[in-house]
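Asker:
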Amino acid sequence: MQRLSELVIRPETTARWLRHSLTRAHPPQALLLVGAPGVGKRTVANALIAAWLCPQRTPDGACGACESCLKWSEEGSHPDLRVLRPSPDQIKIESVREARQWMNFAPTIAPFRFVLIEEAHRLNPAAANALLKTLEEPPPRYHFVLTSPASDLLIATILSRCQLVRLGVVPIAELAAILVARGVEPAKAQRIAELSEGAIGRALRWSQTDAVEWQTLESMLALFATLGSAPSVSALRLAEQFRALCKQLEGGADETSARTALATGLEYLLRWYRDSLAPPEKRQFASHHAALEQLARRTPPAQRLEHIARITEARRAILGNANAQIITEDLFIHLLA
Ligand SMILES: [Zn+2]
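For the sequence shown, counting from 1, position 251 maps to 371 in our numbering; every step adds exactly one.
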């Protein structure tokens, strides 16, 4: 279990607020951690809960040595914590009911008990209503932490019961420096920081040596880098390679579906085209300057804008029920026309 003080938390105001909250006698009744995917919501939630479950906590977090701290398992479970998360894409009422049963008992070892609800916007309506009842009349010494990419994805009645804490991204240059300090080779650190858009949780995951997702995205950018020079006859081959790379993004900890994986690939393609339209000093994929310039020379800006509209439309169609092969082949034929 990581201590709060070991985490890079941005903005600074959030980091200070979280530290200060640990000096109080009681945790907030319900806390909602909001931030973009990969920003580290789960990690911060766990460090915060570990601190509250520790009778000897300091503003730096849990002590790591007391009876309660020693109860944390390798997998991040604790007798005074229940975690609810989507399985596969919804949190159902059974999970909330099961948690409410658990809430009939006093804390086992810690001064409080916590229910962590990851991706709380995935509570289905029945589950959200059941949770709301619990939030309205929580048993003594029970507290809640919810996470979500955006606050407006939650129903207003739940939102109004939560103290909102926003986690932000880390500036690209600062993030690259953090990765270098942790032993990542500088050029790779820069590329990871760019691709993660400053989401530090994701960047740290990608900087591990066996990060398949990162290797896939690197291959995807390498494929995009050929769009400035590839002949139009290679459109179908590139579309096939693109689909194969997206396939590698399926599954994983988030149980990504085939359509979501394809949509994610198309989002990176969108970012690539948008980046080609940005002035060089403002580009996100600064490491790919030469390839973006080549694309800019091949395709006039007006046509790239039209391509952006096509990619957006393709993404929408994929998330609908369209045939992935037809959509991606049609798209790459247009991109290379
Ligand atoms: Zn402790």
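Cβ coordinates follow ideal geometry from the N, Cα and C atoms, glycine included.
1) For ligand 1, is there a heavy atom less than 6 Å away from the beta-carbon of Cys186?
2) The beta strand (DSSP E) spanning Gln122 covers which residue range?
3) For Ala297 and Leu127, what's the separation of their Cα atoms in angstroms?
4) Are Ile438 and Ala383 close, meaning C-beta to C-beta below 7 Å?
5) Please name the residue in Ala145, Arg130, Asp180, Gly158 whose C-alpha comes closest to that of Leu124.
6) Pop quiz: Ser339 and Leu365 are said to be a contact at Cβ under 8 Å. What is the actual Cβ separation, rounded to whole angstroms?
7) Hey, could you find the ends of the beta strand (DSSP E) Leu369 is sitting in?
8) Which first and last residues belong to the alpha helix (DSSP H) in which His263 is found?
9) Following the continuous beta strand (DSSP E) through Arg286, name the residue where it begins and the one where it ends.
10) Val285 and Leu153 - do their beta-carbons sit closer together than 7 Å?
11) Taking the alpha-carbon of Leu289 as reference, which of Ala378, Pro157, Lys212, Ala247 has the nearest alpha-carbon?
12) Would you list, in sequence order, the uninterrupted alpha helix (DSSP H) runs of no fewer than 4 residues that lie entirely inside the region 213-268?
13) Considering only the alpha carbon of each residue, which of Thr380, Glu360, Gly440 lies closest to Asp450?
14) For Ile211, list the residues DSSP reports as bridge partners.
15) Using only alpha-carbon positions, find the residue among Leu341, Gln335, Leu390, Arg391 that is nearest to Gln368.
16) Specify the secondary structure class of Ala378 as computed by DSSP and reduced to three states.
17) Let me know the secondary structure DSSP gives Val164 once reduced to three states.
18) Tell me where the alpha helix (DSSP H) around Ala429 begins and ends.
19) Under three-state DSSP, which class holds Thr143?
20) Out of Pro147, Ala248, Met223, which one is the CA nearest neighbour of Pro259?
21) For the beta strand (DSSP E) that Leu151 lies in, which residues bound it at each end?
22) Should Thr277 go down as buried or exposed, given a rule of 16 or more other Cβ atoms within 10 Å for buried?
23) Could you tell me whether any non-hydrogen atom of ligand 1 is closer than 6 Å to the CB of Gln176?
24) Span of the beta strand (DSSP E) holding Leu204?
25) Who are the near neighbours of Ile237 in its chain, counting only those whose CB is closer than 6 Å to its CB and skipping five residues on each side?
26) If you follow the alpha helix (DSSP H) that Trp192 is in, where does it begin and where does it stop?
27) For Thr178, which three-state DSSP category applies?
28) Distance check for Trp326 and Ser316, CA to CA, integer angstroms please.
Answerer: Put simply:
1) It does: the Cβ of Cys186 is within 6 Å (strictly closer) of some heavy atom of ligand 1.
2) From DSSP, Gln122 is part of no beta strand (DSSP E); its letter is neither H nor E.
3) Between Ala297 and Leu127, the C-alpha separation is close to 15 Å.
4) Yes, the pair counts as a contact, with Cβ atoms nearer than the cut-off.
5) Asp180
6) With a Cβ gap of about 6 Å, Ser339 and Leu365 count as contacting.
7) No beta strand (DSSP E) contains Leu369, which DSSP labels as neither H nor E.
8) No alpha helix (DSSP H) contains His263, which is instead part of the beta strand (DSSP E) from 262-268.
9) 283-286
10) yes
11) It is Val, not Leu, that sits at residue 289 in the sequence shown. It is Pro157 whose Cα lies nearest to the Cα of Val289.
12) 213-222, 245-256
13) Glu360
14) Bridge partners of Ile211: Leu243.
15) Gln335
16) helix
17) helix
18) 421-439
19) coil
20) Met223
21) 150-154 is the span of the beta strand (DSSP E), which, as asked, contains Leu151.
22) exposed
23) yes
24) 201-204
25) Leu204, Leu266
26) Unbroken run through Trp192: none, as it is neither H nor E.
27) strand
28) 9 Å
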